[in-house]
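Residue numbering for the sequence shown follows UniProt numbering, starting at 1 and increasing by one per position. Backbone N, C-alpha and C define an ideal beta-carbon position, used for all residues, glycine too.
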Amino acid sequence: IRRLPAVLYVDSKDQEGRRVENMLRDTYGLPLVSFYVDKIDKPKTVEKYLHQLTAHKGMPYLFICGTFIGSLEHVDNYHKNKQIPQLVEYVCGEEKDKKQPHSHKDKDKKKPKEKRSRSRRIPG
């Protein structure tokens with residue numbers, strides 16, 4: 001989830017889930033990796049883990065840049081309000097800031113000058 005730009009956990013037989021998958025790829029060009037939970041060895045275990053991870057129950061589960069975005073109704077709502085590009089920018093921009101602690105904004109800040117010690121060494 002954290003290593004991939006966009007991850008969708010979906011039931012391959014669910015038409016609404018597949019519709020969301022296609023919309024995210026075709027409309028927004030997201031580099032989406034889909035995991036068909038019904039085709040995984042232990043689908044109930046995966047669903048239980050996703051529920052524990054997100055406190056949300058029900059497929060599909062969409063993660064962008066490691067952040068849980070929501071399920072079917074959430075994604076549809078973001079799409080209807082034309083908010084998906086801003087959402088991606090927000091969560092992925094936040095992720096970039098975490099990875100690069102010194103952004104270009106930091107270059108403009110002046111570093112405080114170091115204070116020099118006023119003690120003098122006595123020759124001897």
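Is there contact between the segment 54-63 and the segment 4-14, where contact requires at least three CB pairs shorter than 8 angstroms? Short answer: they touch.
Identified DSSP bridge partners for V33: For V33, which the question treats as bridged, DSSP gives the partners V7.
Residues in its own chain within less than 8 angstroms of F68 by CB, not counting five upstream and five downstream? Excluding sequence positions up to five before and after F68, its CB lies within less than 8 angstroms of the CB of L53, T54, H56, Y61, L62, all in the same chain and listed in chain order.
Could you give the first and the last residue of the continuous beta strand (DSSP E) run that contains residue 146? With the chain represented from 1 up to 124, any question about residue 146 goes unanswered, as that position is not in the structure.
Apply the 10 Å Cβ neighbour rule to I84 and answer buried if 16 or more other Cβ atoms are within range, or exposed otherwise. By the neighbour-count definition (other C-beta atoms within 10 Å, threshold 16), I84 is a buried residue.
Rounding to the nearest angstrom, what Cα-Cα distance links E47 and G29 in this structure? As the crow flies, the alpha-carbon of E47 is around 26 angstroms from that of G29.
Which residues does DSSP list as the beta-bridge partners of L62? The secondary-structure analysis by DSSP pairs L62 across a beta bridge with L8, G70.
What's the gap between the Cα of R19 and the Cα of C92? Spanning the two alpha carbons is a distance of roughly 23 angstroms.
Outcome for G17 when other beta-carbon atoms lying within 10 angstroms are tallied against a minimum of 16: By the neighbour-count criterion, in which 16 or more other beta carbons inside 10 Å mark a residue as buried, G17 falls on the buried side.
Contact check, D38 vs S12, beta carbons under 9 angstroms: In contact: D38 and S12 (Cβ atoms closer than 9 angstroms).
Other residues of its chain near Y78: CB distance less than 7 angstroms, five sequence neighbours each side excluded: Once the five neighbours on either side are set aside, the close Cβ partners of Y78 are I84, L87.
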